[in-house]
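Reviewing the structure listed below.
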Amino acid sequence: MKSTKVSRSSYITGTNLSQHHGKDTWIFDTAATSHFCCRKNSLQNFQPVNNMRLTVAVGGVTCEIKGIGTVSMIFQSEGGSEIVDFKNVLYFSKLQRNLISGSLIDKAGSNFICKNGKINVYDKYGQNVFTAKTVNGLYCVKLKIVTSHFIRM
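The opening position of the sequence shown corresponds to residue 59 in the numbering used here, with each subsequent residue numbered one higher.
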């Protein structure tokens, strides 16, 4: 059997540049240390930042972060729909898709189980918040973005 070495950084970069998923797609990523958004108009409370660079792949690949904000996501479940605010989401326009950080989900007190081509994410009370399903090797999340919150009186 022939063994071939593959550079992880090229895989990560290649995966991110793949056109199988668009800029509206959100990927559940257990390697991401932050949530990333590639569409500025999805971010509420947007704050521009200067001189912020993050390493995003093995091999020292970096990106320049242009801003930070909150993304409000509507998740559909069996019990209806729920709005979840993801705070401190980093804006980087050159990404081909958006990333939900698995480690930040864990840090927030939620947990997730990966099984049978799906990642189920549960809140701290054990309720299923959303499910990411495998599409072309990536865990994709179906959701809608809230562009503004309305207060009913």
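Ideal placement from N, C-alpha and C gives every residue a C-beta, glycine not left out. Note that this is a predicted model, so its numbers are computed, not measured.
Under the three-pair Cβ rule at 8 Å, the segment 113 to 127 counts as touching the segment 93 to 105. For C172, the beta-bridge partners assigned by DSSP are I177. Around the C-beta of G160, 16 or more other C-beta atoms lie within 10 Å, and the residue is accordingly described as buried. Per DSSP, D164 lies in no beta strand (DSSP E) segment; the continuous alpha helix (DSSP H) that holds it begins and ends at 160 to 165. No Cβ-Cβ contact shorter than 8 Å links V179 with I203. Separation of the CB atoms of S151 and K98 is rounded to 7 Å, and the pair is thereby assigned contact status at 8 Å. Closest option to C121, judged by alpha-carbon separation, among L196, S139, W84, Q154: Q154. In this structure, D87 lies near L157, with their beta-carbon atoms less than 8 Å apart.
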